[in-house]
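Asks:
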Amino acid sequence: MTEPSKVVASRTSSSSVPSSSLATCSTASTFTMPSYGENTNLQRTEDEILLASSSKAFTLNELKSATRNFRPDNLIGEGGFGCVYKGWLDEQTLTATRPGNGIMIAIKKLKLESFQGHKEWLTEVNYLGQLQHPNLVKLIGYCSEGENRLLVYEYMARGSLENHLFKRSVQPLDWATRIKVAVGAARGLSFLHNPDSQVIYRDVKASNILLDQDFNPKLSDFGLAKAGPTGDLTHVSTRIMGTQGYAAPEYLATGKLSAKADVYSFGVVLLELLSGRKALDRTKAVSEQTLVSSLRPWLNMLKLHRIIDPKLEGKYPKKAADALALLASRCTADRAQLRPPMSEVLSTLERLQDPKFAVKQPLPRGEMGKASSSVPKSPLRCHRSPLRQTGNAISNRYSASK
Ligand SMILES: Nc1ncnc2c1ncn2[C@@H]1O[C@H](COP(=O)(O)OP(=O)(O)OP(=O)(O)O)[C@@H](O)[C@H]1O
Ligand SMILES: [Mg+2]
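Numbering-wise (the working numbering), the sequence shown opens with residue 33 and increments by one.
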C-alpha cells in the first residue's frame, strides 16, 4: 500500500506571520495566534503559551513511568514526526500508574531530528491547550525537557479512520458509521473555522481523524494549524505544508491559505469514506494518482456505482450516497470560491443522518416466515421503499441546498 507523503516545501514567507514564528528548535520561539473573539493577531512567547495552556506540564520521568520507559510493546503508531505510545495515568492526580490502572493515554514523542519538531509541538500545545470541543482530541499535557518534546493525549480506543478504511485486518465500517464519522469531523472543523476561533487546521486527513470506543471522531495533530486571515484579508500566505493527495490546488500552487483549503481536504476524506480508496495512489498513472483526479470523471457522470466502496457490499442508501458524492465533489472543486463553507458541509451531512436514509436490513432467512405470521401486516409494507427503486443508477439527485 502506498502512503500519502507530507508536503513540506518552503515557499513564500508570510505576510501576516512574522519570520520569527518560522524559527524551529529555539526555546524562545514567538508565535502568531488568533485572539479568540477579536479580529487581531497577537504575538506570544513560548512561556506565555505554556502558561496559558490548560494542559499539564509533565516531566520526562513521569512519562517514562507511564509507558514503562517507552517499551516497544506500548507503541501504538508512528507518523512523520514521531512515535505514539500508550500509557497509564491516575485519573484524579494525573500521575503515572501501573499498566492497566487508571486512564489510558497516548503519548507522542517527537523525533529529535525532525526539522519541524519544536514548532509543531508548540503549535499543538498552543491550540489544543485552549480550544476544547467534543470533536477535537483532548491534550492532557506536554513535556519539554532538554531536546525532548512530547505530547500527552486522551487515548482514542479505535485508532485512526485511516486504519478502519484501509487496513485489511480491520472490520469495514458500515454506512451509518461512515456518516457519523463525517458529521463529527465536520463539526470539529466548523468549530475551528467559526468566527470565534478562526483557525485553519491544515492537516485534514484520515490518519488525523481518531475514533473513540463508540466511533466518535476527533481531530488530532494541530502542529500545522494556523491563525486564519483577519480583517479584509482572504488568506494568509505561508510555507506549503500538508499531505499529498489532500492539499488544495491553489494552496499548493501559491501558498495562499484559507479555510477553503481545509474544505478541500475534508472533501478528499469524504471521497475516501465513499470509495474506500486512498487519497494518493502512486501505483497509478501520474494524472490519476490523487483520488480527486481518479474519481472526478465518475462523479461528473454521476456513476456512483463505479466509485462506491465494494466493502459496503451494496448496503448503503442510494440517495444519501448520491448526496455525499455531490457534497464531496463540491468540496473538492478546483476553485476555492465554489467550495461550501464548513457550516454548510456540516448541515448537509447532518441531514444524511435522517432515519429516512437508514440502510434497510433484510431479515435473516429463517426469520422471514415468523415475522410475517406474528406481526400484523402494515399497509406500508406493501410499498417498496423509494430508495430501493433507484437500483444502481443515480436517478434521484439530491440538492445539497435542500
Ligand atoms: N490519541 C491517540 N489515541 C490512540 N491512537 C493514537 C492517538 N494519536 C495517534 N494515535 C495512533 O498513532 C498513529 C500515528 O499518529 P501520528 O499523528 O503520529 O501520525 P500520522 O497522523 O499517521 O501521520 P503524520 O505524521 O503525517 O500526521 C495514528 O494513526 C493512530 O493510529
Ligand atoms: Mg497524525
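C-beta atoms are modelled at their ideal positions from N, C-alpha and C, and glycine is treated no differently.
Can you look up N101 in the DSSP assignment and give me helix, strand or coil?
Replies: Working through the sequence shown from its first residue, we reach residue 101 at position 69. Residue state, collapsed to three classes: coil.
Asks: Rounded to the nearest angstrom, what separates K237 and S297 at their Cα positions?
Replies: For this step, residue 237 is matched to residue 205 along the sequence shown. For this step, residue 297 is matched to residue 265 along the sequence shown. The straight-line gap from Cα to Cα measures roughly 7 Å.
Asks: Does ligand 2 have even one heavy atom less than 7 Å from the beta-carbon of N240?
Replies: Stepping through the sequence shown from its first residue, residue 240 is reached at position 208. N240 Cβ: within cutoff of ligand 2.
Asks: Cβ atoms of Y174 and S290: under 8 Å apart, would you say?
Replies: Along the sequence shown, one-based indexing puts residue 290 at 258. Along the sequence shown, one-based indexing puts residue 174 at 142. Taking 8 Å as the Cβ cut-off, S290 and Y174 do not qualify as a contacting pair.
Asks: Is the beta carbon of G277 within less than 7 Å of some heavy atom of ligand 1?
Replies: For the purposes of this step, residue 277 is taken as the residue at position 245 of the sequence shown. No - ligand 1 has no heavy atom lying nearer than 7 Å to the Cβ of G277.
Asks: Rounding to the nearest angstrom, what Cα-Cα distance links F254 and G114 in this structure?
Replies: Position 222 of the sequence shown holds residue 254. Position 82 of the sequence shown holds residue 114. So the two alpha carbons sit approximately 14 Å from each other.
Asks: I want to check one thing, is the minimum distance from the CB of G173 to the heavy atoms of ligand 4 below 7 Å?
Replies: Here the bound small molecules are ligand 1 and ligand 2; ligand 4 is not part of this structure.
Asks: If you measure from the beta carbon of V295 to each beta carbon in chain B, is any gap under 8 Å?
Replies: Of the chains in the structure shown, none is chain B; there is only one protein chain.
Asks: Taking its Cβ as the centre, do 16 or more other Cβ atoms sit within 10 Å of E94, making it buried, or is it exposed?
Replies: Along the sequence shown, read from residue 1 onward, the residue named residue 94 stands at position 62. So E94 ends up on the buried side.
Asks: Classify S375 as buried or exposed, calling it buried when 16 or more other Cβ atoms lie within 10 Å of its own Cβ.
Replies: Sequence index remark: in the sequence shown, residue 375 carries index 343 (1-based). Burial call: exposed.
Asks: Can you tell me whether M188 is buried or exposed, with buried defined as 16 or more other CB within 10 angstroms of its CB?
Replies: As a first step, residue 188 must be located in the sequence shown, where it is residue number 156. Buried, because 16 or more other Cβ atoms sit within 10 Å of the Cβ of M188.
Asks: For P373, does the count of other Cβ atoms within 10 angstroms reach 16, so buried, or fall short, so exposed?
Replies: Here residue 373 corresponds to residue number 341 of the sequence shown, with the count starting at 1. Its Cβ having fewer than 16 others within 10 Å, P373 is exposed.
Asks: State the DSSP-derived secondary structure class of E177, mapped to helix, strand or coil.
Replies: On the sequence shown, position 145 is the one that residue 177 refers to. Looking at E177 - three-state DSSP - the assignment turns out to be strand.
Asks: Let me check you understand the geometry: is the CB of D244 closer than 7 Å to at least one non-hydrogen atom of ligand 2?
Replies: As a working note, residue 244 is residue 212 in the sequence shown. When distances are taken from the beta-carbon of D244 to the heavy atoms of ligand 2, even the shortest one reaches 7 Å or more.
Asks: Can you tell me where the beta strand (DSSP E) with K118 in it begins and where it stops?
Replies: Taking the sequence shown and counting its residues from 1, one reaches residue 118 at position 86. Looking at the DSSP string, the run of the beta strand (DSSP E) that includes K118 is G114 to L121.
Asks: Given 7 Å as the limit, tell me if G274 has its C-beta closer than that to any heavy atom belonging to ligand 2.
Replies: Position 242 of the sequence shown, counted from the start, is the residue given in the question as residue 274. False, no ligand heavy atom lies under 7 Å from that Cβ.
Asks: Find the nearest neighbour of W153 within the set T99, S252, L205 and E123, judged by alpha-carbon distance.
Replies: Your numbering for residue 153 matches position 121 in the sequence shown. It is S252 whose Cα lies nearest to the Cα of W153.
Asks: What separation, rounded to the nearest whole angstrom, lies between the Cα atoms of A208 and S176?
Replies: Reading the sequence shown from its first residue, position 176 is the one you call residue 208. Reading the sequence shown from its first residue, position 144 is the one you call residue 176. So the alpha carbons of these two residues sit roughly 41 Å apart.
Asks: Can you tell me whether R200 is buried or exposed, with buried defined as 16 or more other CB within 10 angstroms of its CB?
Replies: As a working mapping, residue 200 is identified with position 168 in the sequence shown. Classification of R200: exposed, given that the 10 Å Cβ count is below 16.
Asks: How do the segment 118 to 138 and the segment 208 to 220 stand: do at least 3 beta-carbon pairs fall below 8 Å, yes or no?
Replies: no
Asks: If contact is defined by three or more beta carbon pairs under 8 Å, each pair taking one atom from either stretch, is the segment 182 to 196 in contact with the segment 242 to 251?
Replies: yes
Asks: Could you tell me the distance, in whole angstroms, from the CA atom of A6 to the CA atom of R383?
Replies: Residue 6 is absent from the structure shown; the chain starts at 33 and stops at 434.
Asks: According to the Cβ coordinates, are G260 and I232 closer than 8 Å?
Replies: Translated into the one-based positions of the sequence shown, residue 260 becomes position 228. Translated into the one-based positions of the sequence shown, residue 232 becomes position 200. Yes, the Cβ-Cβ distance between G260 and I232 is below 8 Å.
Asks: For the beta strand (DSSP E) holding K141, just list the boundary residues, first then last.
Replies: The residue you call residue 141 lines up with position 109 of the sequence shown. Unbroken beta strand (DSSP E) run through K141: I135 to L142.
Asks: With a CB to CB cut of under 6 Å and the five nearest residues on each side skipped, what residues in its chain are close to S85?
Replies: Position 53 of the sequence shown holds residue 85. Short of 6 Å from the beta carbon of S85, and not among the five residues preceding or following it, lie these beta carbons of its own chain, in chain order: V157 and G161.
Asks: Using the Cβ count rule (16 or more neighbours within 10 Å means buried), how would you classify L381?
Replies: Sequence index remark: in the sequence shown, residue 381 carries index 349 (1-based). With 16 or more other Cβ atoms within 10 Å, it is buried.
Asks: Helix, strand or coil, according to DSSP, for S85 in the structure here?
Replies: Counting from one through the sequence shown, the residue named residue 85 turns up at place 53. Reduced to three states, the DSSP call for S85 is coil.
Asks: Got a sec? Which residues, its chain only, sit under 7 Å from S326 by beta carbon, not counting five neighbours each side?
Replies: Position 294 of the sequence shown, counted from the start, is the residue given in the question as residue 326. The residues are K316 and E320.
Asks: Once the 5 residues before and after L356 are set aside, which same chain residues still bring their CB inside 7 Å of it?
Replies: Within the sequence shown, residue 356 is the residue found at index 324, counting from 1. Around L356: L302, L306 and L384.
Asks: Under 6 Å Cβ to Cβ from S239, same chain only, skipping five residues before and after it: list those, please.
Replies: As a first step, residue 239 is located in the sequence shown; it is residue number 207 there, counting from the start. Sequence-distant partners of S239 (beyond 5 residues in either direction) whose C-beta falls short of 6 Å from its own C-beta, in its chain, are S192 and E194.
Asks: Is the beta carbon of G149 closer than 8 Å to that of K141?
Replies: Sequence index remark: in the sequence shown, residue 141 carries index 109 (1-based). Sequence index remark: in the sequence shown, residue 149 carries index 117 (1-based). No.
Asks: Heavy atom of ligand 1 less than 7 Å from the Cβ of F102, yes or no?
Replies: By one-based count along the sequence shown, residue 102 stands at place 70. Because no heavy atom of ligand 1 lies under 7 Å away, the Cβ of F102 does not count as near it: no.
Asks: What is the DSSP secondary structure of T77, reduced to helix, strand or coil?
Replies: The count along the sequence shown starts at 1 and reaches residue 77 at position 45. Here T77 sits in strand by DSSP.
Asks: Kindly indicate which residue of E179, L182 and E186 has the alpha-carbon position closest to the one of N167.
Replies: Taking the first residue of the sequence shown as position 1, residue 167 is located at position 135. When each option's Cα is compared against that of N167, the closest is E186.
Asks: Please list the segments of the beta strand (DSSP E) lying wholly inside the segment 170 to 253, counting only runs of 3 or more residues, in order along the chain.
Replies: 171 to 177, 180 to 186, 241 to 243 and 249 to 251
Asks: For my contact list, I137 and A98 are in at a C-beta cut-off of 8 Å; report their separation, rounded to the angstrom.
Replies: Taking the sequence shown and counting its residues from 1, the one referred to as residue 137 is at position 105. Taking the sequence shown and counting its residues from 1, the one referred to as residue 98 is at position 66. Yes, I137 and A98 are in contact; Cβ-Cβ is about 7 Å, under 8 Å.
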